[in-house]
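Everything below concerns the one structure shown next.
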DNA sequence: TTGTAATGATAGTAATACTACTATTAAACA
DNA sequence: TGTTTAATAGTAGTATTACTATCATTACAA
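Residue numbers (the numbering used here), protein chains in the order written: chain A, 38 to 285; chain B, 38 to 285.
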């Protein structure tokens, strides 16, 4: 049985870097018709689509219900996004961009690749680990959506055209960033990209499984998020190191 | 760089066991209204829903299009399945059940757990490795659907009620089966369930990524399925063994 | 011969996913 | 101050989806 190693792992990150931080999260302009982050209605659309998708799931979410909730009209919402798939893609991209920036902050002035890996994993699990308050996005609720339905962004028939439009650049960039840290730990590792994407997916999957399909994971669901995070951290860290350092 | 080890790995499995094999794949009767495997129309529904979902994706697939394709009517299709979600769940369950049975066959009379693991991975990657011709299911096309959209079966808002109905029992049973083999290799391994579910997901993900999102995987897409299978096999085997044998 | 299971045919409804066009307001600019 | 323009609201309408209901037809089984 592998021993727990999360205790005292986390020197508080240097929050001062982010005190007056106003990072703008840049979203591929092909995704929207009108930039929602620039207007009042646009921000209401983002904020309320998140809470409504969280409540209904994307299948049952639609622009009519959204418009009703924000006391606007369908046609107004359609001025921002061609349809709900594009809105969903926007939210996904926002999330992965945001995660990427949080990782950048968490890794600042760090040399030790192993410490970098630890902080990356921590950032993937916990929203509170380096947070930046963006007024028109509820990161915690968005995270729940990503965990539950994020992979649907690319698991469909039109993935190739979406990919041509650059809709997955944020995810791929994040994956690249992680894989470079993995290669710092072992430059001769054969599967850095697969391990990076696996890390991202296994992280979300096991959070989801712990709550909904517990027989698919060894993580025990716990209302105390902190305790569950520690468990998931240990698992992901062990998994990553095992792959990187394994000699046949 | 890890060396390739797939050469001469595969003693031909004992196909004689399956020569006159008539395995019936049992599907939870809560999934359908009328058992489609018992009637002509039912079999047409299964066969053609697979090819049509493959062609359109589940989003654009519907019962009207299916009915047209089989020269039947919507109302007739609705007599078998409450809606397309249930039909999809049926196909998913069929697939995981079928995979489970193929693994059972592949592991017959085997003692060596390492050899068992190899055959499991092989069975997950390749449909042709132990095939059983079921006349009303095109396993290869179904496999493509599972790779592309399989995880959508449980990534939605109503996962808990679906789970209560037992819609994921086949997947969980398969996961359990694999995790027991993993524990044979290392009885003290801490995360057998997570590793089993990860194996299943990473396998499908990397087949999918190789074709559609190559920057998320180290597997090179290859029209020669055999060559790609070998690459994926090596990767999954290395990944599994690394996790099972890693000492902190 | 009668009953019943399986399917087909037709019709209808509520919701979804849009598109189009017009009206109103408010700020910006000349 | 008057005029433009951007942003939004309001209304209406269409095609498709996702069903439900009812009745007719066939076919085989008791």
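For glycine and all other residues, C-beta sits at the position ideal for the given N, C-alpha and C.
When you check each C-beta in the region 181 to 202 of chain B against every C-beta of chain A, which residues fall closer than 7 angstroms? 185, 186, 188, 189, 191, 192, 193, 194, 196, 197, 200
Inter-residue Cα distance where the pair is residue 235 of chain B and residue 281 of chain B: 13 angstroms
If you drop the 5 nearest sequence neighbours on each side, which residues of the same chain put their C-beta closer than 6 angstroms to that of residue 232 of chain A? 219, 280
Would you identify the three-state DSSP class for residue 271 of chain A, choosing helix, strand or coil? helix
In the region 148 to 224 of chain B, which residue ranges form an unbroken beta strand (DSSP E) of at least 3 residues, counting only runs that do not cross its ends? none
For residue 107 of chain B and residue 79 of chain B, I'd like the C-alpha separation in whole angstroms. 11 angstroms
Please classify residue 97 of chain B: is it buried, with 16 or more other beta-carbons within 10 angstroms of its beta-carbon, or exposed? exposed
In angstroms, rounded to a whole number, what distance separates the CA positions of residue 168 of chain A and residue 228 of chain A? 31 angstroms
Verify whether the separation of the beta carbon atoms of residue 68 of chain A and residue 138 of chain A is less than 8 angstroms. no
Extent of the continuous alpha helix (DSSP H) run through residue 132 of chain A: 121 to 144
Residue 135 of chain A to residue 144 of chain B, Cα distance in whole Å? 46 angstroms
Chain-order list of residues whose beta-carbon lies under 6 angstroms from that of residue 268 of chain B (same chain, five-residue window excluded): 256
Check each residue of the region 137 to 150 of chain A: if its Cβ is closer than 7 angstroms to any Cβ of chain B, include it; give the result in chain order. none
Over what stretch of residues does the alpha helix (DSSP H) that includes residue 93 of chain A continue unbroken? 77 to 93
Leaving aside the five residues before and after residue 111 of chain A along the sequence, list all residues of the same chain whose C-beta is less than 8 angstroms from its C-beta, in chain order. 100, 101, 104
Report yes or no: is there a C-beta of chain A within less than 8 angstroms of the C-beta of residue 179 of chain B? no
Spatial neighbours of residue 178 of chain A within its chain, please: C-beta separation below 7 angstroms, excluding the five flanking residues on both sides. 87, 88, 91
So with Cβ pairs under 8 angstroms, would you call residue 209 of chain A a contact of chain B? yes
If we count Cβ pairs, one from each stretch, closer than 8 angstroms, do we get three or more for the region 114 to 134 of chain A versus the region 69 to 76 of chain A? yes
Where residue 40 of chain B falls, given that 16 or more other Cβ within 10 Å makes a residue buried: Any reading at residue 40 of chain B must be qualified, since the residue scores a pLDDT of 39, below 50, and its modelled position is unreliable; the value itself is stated next. Counting Cβ neighbours within 10 Å, residue 40 of chain B comes out exposed, since fewer than 16 surround it.
Residue 275 of chain B versus chain A: which residues are under 9 angstroms apart at the beta carbon? 227, 228, 280, 283, 285
Going along the chain, which residues of the region 232 to 243 of chain B sit with their C-beta nearer than 7 angstroms to a C-beta in chain A? 234, 235, 238, 239, 242, 243
Looking only at C-alpha atoms, which of B/183, B/157, B/150, B/194 sits nearest to residue 141 of chain B? B/157
Between residue 252 of chain A and chain B, is the shortest Cβ-Cβ distance under 8 angstroms, so that the two count as touching? yes
Given this structure, state the Cα-to-Cα distance separating residue 306 of chain B from residue 245 of chain A, to the nearest angstrom. Residue 306 of chain B is absent from the structure shown; chain B starts at 38 and stops at 285.
Residue 55 of chain A (DSSP reduced to helix, strand or coil): Because residue 55 of chain A sits at a pLDDT of 45, beneath the cut-off of 50, its placement in the model cannot be relied upon, and the point is left open.
I need the DSSP call for residue 258 of chain A, collapsed to helix, strand or coil. coil
What did DSSP end up calling residue 252 of chain A once you bin it into helix, strand or coil? helix
Which of the residues in the region 148 to 170 of chain A, read from start to end, lie with their CB under 8 angstroms from any CB of chain B? none
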